Every structure is written in structure tokens, then in C-alpha cells.
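All remarks here apply to the structure that follows.
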Amino acid sequence: MNLFFNLPRRERVLGVVPVALALALAGCGGGGGSTSSASASASSSSTATESSSGTVTGFGSVFVDGVELEDAKAVTRVENADGSYSLTSTQLGQRVRVAHDATGTASTVTVDAAVIGTVASGSVDATALTFTVAGQSVKANTDSTSGPLTVYGGGYTAFSDIAAGDLVEIHGSAVYDSTAKVYVVQATRIEKKSAISAVRVMGKIASLDTTAKTFAINSLTVAYGSAILAPTTATLADGVTVVAWGAQNSLVSGSSGLSLTASRVRVLNAGLADDSASGATQLGGVVSNYSVSTGTFELEGVKVIVGSATLSPTGATIANGAYVQVSGTVGSDASITATSIKVRQQSTTDDTASVRLIGAIESLSDQTSFVVRGVPVDASAITLSTACPGVTLAVGTVVKVTATVQSGTDVVKATSLGCTSATTYTMLSASGTAGTVNTTVRTFVLTTTGTATTTRTVQWSDQTVFAGVTAATLDGVTVAVEGYLDSSGVLVARKIRNPAVAAGREDADAYAGVDDGSGRSWSRYRSTHR
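Position one of the sequence shown corresponds to residue 22 (our numbering), numbered consecutively onward.
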């Protein structure tokens with residue numbers, strides 16, 4: 022599907038938007054972070070023959086390193102420590118692995134954090150923009166030439182908000198530091214968490230000791246003797262990329278350093294979606310260990326063979342520290358033989374360096390300050406009379422935005438703006454009170470009162486994310502629903518949340534007048550960035 026960007030294959034309180042107004046079309050796919058504890062096994066009509074892994078750079082479907090993938094019917098999920106999956110929503114800056122068909126229609130989107138844990142005491146360096154979590158060095162990025170700028174979430178808006186003892190979820194690219202001889206996570210997203218279910222660390226195995234049943238991931242020693250290995254046929258070896266989970270109290274510091282007693286270890290190929298052994302793939306990340314003589318480099322722990330790959334744009338070169346997007350084929354040894362390599366450019370016209378948003382305006386302060394797909398947008402650099410002739414922007418206006426991430430704020434700066442209309446699987450956003458809940462057929466009636474009372478039938482499914490509310494507690498609750506209309510006019514929900522409670526609240530709600538304690542607001546943003 023090719024919506025607007027010609028790419029390959031997608032001040033009000035949020036809870037009171039009238040349903041009629043909110044047939045407010047909002048792009049397909051994620052946009053705000055919520056997690057449901059429901060099972061999240063793959064269930065899609067598409068046949069996944071290809072994989073795409075990289076950084077989420079927009080929504081309209083979901084954009085991964087600038088490439089649009091249709092995720093309207095995909096299962097979006099996160100893997101838990103016990104091997105189960107929970108439904109979730111994608112957020113800007115997250116790392117994901119997507120299974121999709123040749124047209125770009127996704128069946129599963131798996132969210133992959135690099136590390137989840139506690140910010141180590143004494144590790145926060147505000148000058149170097151670094152800190153440590155579970156023995157993993159993390160560095161925020163403010164240089165767009167070396168990759169996506171770090172996005173902050175969960176109440177964070179800048180590096181200065183981070184404090185020792187905070188629970189955090191970090192997404193980013195593992196970059197090898199040849200001096201320190203460790204991998205550093207160049208963060209694409211740093212999110213504060215109120216709680217975590219387990220410590221999670223992703224990285225390459227080193228110093229494997231099959232007698233002691235330990236291995237190292239950078240400065241962390243992982244004891245795997247009592248861990249469940251997944252898949253069961255996998256073999257641990259130095260250089261293999263794994264994800265290790267362990268209870269928070271199993272991360273301990275002793276005389277020999279920091280160690281984690283793992284409850285589960287999963288062998289991972291970052292270049293492929295789950296359940297794929299080989300096939301066509303696209304992988305984005307930061308180049309490490311580039312060797313001109315062998316014509317290879319490392320990307321997210323995966324060996325890339327350059328060979329006769331086409332390099333773009335014209336004049337671009339491969340170098341350590343460059344952010345690239347590789348297309349190729351994954352072989353039986355898990356390496357990628359590249360057919361094309363795109364080197365990220367700083368220019369905002371570069372797809373990999375831009376944020377793409379297609380959807381309805383969800384909240385609006387003025388004609389240049391609004392929220393689309395859960396992302397606050399500053400359109401002050403846009404001439405609106407040219408961008409949307411004859412249109413006065415309002416909640417529900419469908420827009421297409423190209424923007425850039427800014428340092429020190431979660432507001433993106435629009436570089437282009439246009440107004441558009443609905444397309445297939447275009448989502449709508451609606452808020453109101455849930456009633457007439459039928460848990461057997463999984464429907465309820467959404468009612469809102471304003472100038473007129475309006476109702477709409479909402480249907481949920483195994484793919485629906487619930488946040489701050491459950492199917493059993495829906496009746497009488499004011500909820501925000503995102504979804505798409507089926508052929509009979511029923512709103513098929515992708516997300517149902519209760520913005521009145523913390524678990525159902527999203528970062529962008531602060532820009533709609535909801536006090537989340539972060540101090541974020543349009544007035545504060547304007548005082549520092551305009």
C-alpha cells in the first residue's frame with residue numbers, strides 16, 4: 022500500500038471526543054504504548070515470507086526505518102520471561118521485528134527492547150549522555166548523522182530526567198566499542214517504567230563456560246544452569262545473540278561483578294522475525310566491525326556480507342558508526358547476503374531520517390500544535406494555507422506529516438504537512454462511555470453525549486490491546502478506542518484504554534490537558550522550543 026510518501030510497504034481532554042467527530046481517521050497501527058496480558062499468538066490472513074527489523078519511525082500503518090508496513094490486522098506483541106506473549110502497541114523509537122508478506126502486509130510485529138532494568142547507581146553521566154542498566158552501557162544520541170535521535174517516554178522528555186534507581190526500558194542498536202571492547206546500546210528510545218515484570222538483557226554471548234553454565238553479555242555474567250532454553254533445539258555459543266530474562270532480585274552485585282540468574286534464555290536472530298529460519302529480510306541499525314578486506318560488517322549482532330550489493334544514495338560509504346538499512350537474504354548460518362544497502366543521511370528528505378505520521382488529529386491546541394497517532398506535532402514551520410488550502414485544522418482532520426525528532430522534547434517538528442482522506446483500514450478514533458457489553462460476542466456500545474447523543478457498536482478481538490480496563494470491567498467506563506470499520510460499520514478495536522487511570526494513559530495525553538505529573542504541556546514546549 023502506498024499512501025502518501027511514495028514508500029514501499031502504512032487543548033481538549035481525550036476522553037470526551039464525540040463519536041461522530043471521531044470518525045476521525047487515524048492511520049493504521051500503533052502510536053501509543055499500552056500492554057495487555059492477553060495471549061498474543063500470531064493470527065493473520067497474510068502469509069509471512071519476509072522479515073523487517075529496525076526502528077519505528079512513524080505510524081500510518083507502521084513505518085520501520087522509513088518503510089511502510091500494513092499492520093492493521095497484525096498481532097503486535099512482546100515476549101515475556103515465561104515464554105508467553107502479551108499484546109502491546111508500538112511506540113516511536115522502539116525496535117521491532119516484523120513478519121510480513123511480499124506486499125508488506127504484516128502478520129506479527131514483535132517489540133524487542135535491548136535492556137529492561139534499573140539505572141545503576143552512579144552511572145548517569147549528563148555530559149557523555151551515558152548510563153548503565155543491568156551491566157549494559159547505554160548512550161543517548163543527539164547526532165542525527167549517526168542514527169535516529171533518542172526518543173523519550175514514560176514521563177521522560179530529556180536525558181536530564183533520568184535518575185539512578187529509575188526502572189527503564191531501552192531500545193536501540195548495539196554498537197561495538199573497540200576501545201572498551203564492549204557493545205554499547207545507542208538508544209533510539211528511553212522509557213521510564215513504573216514497574217517491570219523481569220530484568221531483560223539482549224546481546225552477544227562471550228566467555229561461555231559450559232561447566233559453570235555461565236556466559237557474559239558485556240559487563241553482566243549470566244548464570245543459565247536453571248534457565249529454560251528456547252528454542253529447545255538451540256545451542257549456546259560465543260557470538261550467538263540471545264535474550265536473557267531473570268527476576269529483579271536475581272540481579273546481584275558481588276566480588277566478581279554483576280550477575281543475573283536467568284530463568285529463561287532465548288537464542289535470537291535479529292535479522293528475522295520469530296519462527297523464520299531463512300528468507301528475505303530488511304535490517305536497520307548501526308554498523309560495527311566493518312572490514313574492507315572481507316567485505317563484511319556487523320549489524321545488531323548479525324554478520325552482513327556486502328558482496329555486490331547496491332549502495333545508496335550515490336556517493337554514500339559504509340563505515341563503523343553509520344546507520345544503514347540492509348535488504349538481502351538470510352542464510353542457514355544466520356548471516357545476511359546484502360542486495361542493497363541504504364546509508365542514512367541527515368537530510369530530512371531521507372526516509373530513514375524522518376518521522377512519518379498519517380492519521381486524524383486527536384487533540385489540538387491551535388493550528389500549529391496538535392497530536393497525531395499519539396505523537397505531538399509542532400507545525401509552526403508550515404504555511405497552512407498552502408499545505409491544506411481552505412481547511413481549518415480541528416480534532417478529526419486527517420493529516421499526513423513528515424517531521425523530525427527534536428532533542429529535549431517529545432514533540433516532533435513538522436517539515437511538511439498535507440490533508441488527506443480515508444483509505445482501506447484507515448483507523449478511526451472514538452471516545453465515550455462503554456455499555457451493553459457482551460463478552461460472548463465481544464461487543465459493546467460506545468455512547469457519547471454532546472450537542473447530540475451518538476452510539477456505535479465496537480467489537481474487540483484477540484488482537485485488541487486493553488489498557489487501564491478489561492473486557493470484564495468495561496461497562497460504564499469512559500474509554501478511548503482506536504480501530505477500523507468493517508463492512509457493516511462496526512468499529513473493530515485495535516486498542517481500548519481508560520485514560521482516567523495511569524495504566525490507560527499515554528504520554529501525548531499531557532498535551533490534551535491531562536495532568537500526568539510530568540509537567541509537559543504546549544505552553545511549556547513553546548517557552549523552550551519556539
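Even glycine gets a Cβ: it sits at the ideal position worked out from N, Cα and C. All figures in this text were calculated on a predicted structure; none of them were measured in a lab.
When Lys234, Ala184, Asp182 and Val132 are compared, the shortest CA-CA separation from His192 is found for Val132. Residue pairing for His121: DSSP places it in a beta bridge opposite Glu71 and Ala127. The beta carbons of Leu170 and Val220 sit about 27 Å from each other, so the pair does not count as a contact at 8 Å. As computed with DSSP, Gly525 is found in no beta bridge at all. Secondary structure at Asp372: helix, using DSSP grouped into helix, strand and coil.
Measuring C-alpha to C-alpha distances from Thr209 to each of Asp86, Val288, Ile403 and Ala244 identifies Asp86 as the nearest. Distance from the CA atom of Thr499 to the CA atom of Gln112, rounded to whole angstroms, is 23 Å.
Listed in chain order, the beta strand (DSSP E) elements of length 3 or more contained wholly in the region 243–286 are 249–251, 262–267, 272–275 and 278–282.
Secondary structure at Ser482: coil, using DSSP grouped into helix, strand and coil. A contact between stretches requires three or more CB pairs, one per stretch, nearer than 8 Å, and the region 360–379 fails this requirement with the region 511–520.
When DSSP states are grouped into helix, strand and coil, Ser314 belongs to the coil group.
In the structure shown, Leu150 falls within a coil segment according to DSSP collapsed to helix, strand and coil. Pairing Ser309 with Thr331 gives a Cβ-Cβ distance that is not under 8 Å. In this structure, Val286 is the residue among Thr468, Ala102, Val83 and Val286 with its C-alpha nearest to the C-alpha of Val263. With respect to the 8 Å criterion, Gly168 and Gln207 are classified as neighbours on the basis of their beta carbons. One alpha carbon belongs to Thr425, the other to Ser482, and they sit about 34 Å apart. Within the DSSP bridge table, the entry for Glu100 names Tyr106 as partners. For Ala301, the enclosing beta strand (DSSP E) covers residues Gly300 to Val307. Taking a 10 Å sphere around the C-beta of Asp399, we find 16 or more other C-beta atoms and assign the residue as buried. Nearest to Thr494 by C-alpha distance, out of Gly456, Ala251, Glu503 and Ala529, is Gly456. Within the DSSP bridge table, the entry for Pro397 names Val392 as partners.
Contact annotation: the region 151–163 does not touch the region 96–114, with fewer than three C-beta pairs closer than 8 Å. Leaving aside the five residues that flank Thr163 on each side, the residues in its chain whose CB is nearer than 8 Å to its CB run, in chain order, Leu150, Leu170, Thr171 and Ser428.
Contact check for Ser375 against Thr78 passes: the beta carbons are separated by less than 8 Å.
Contact fails between the region 433–442 and the region 466–478, because fewer than three Cβ pairs, one in each stretch, are under 8 Å apart. The straight-line gap separating the alpha-carbon atoms of Val420 and Val307 is approximately 32 Å.
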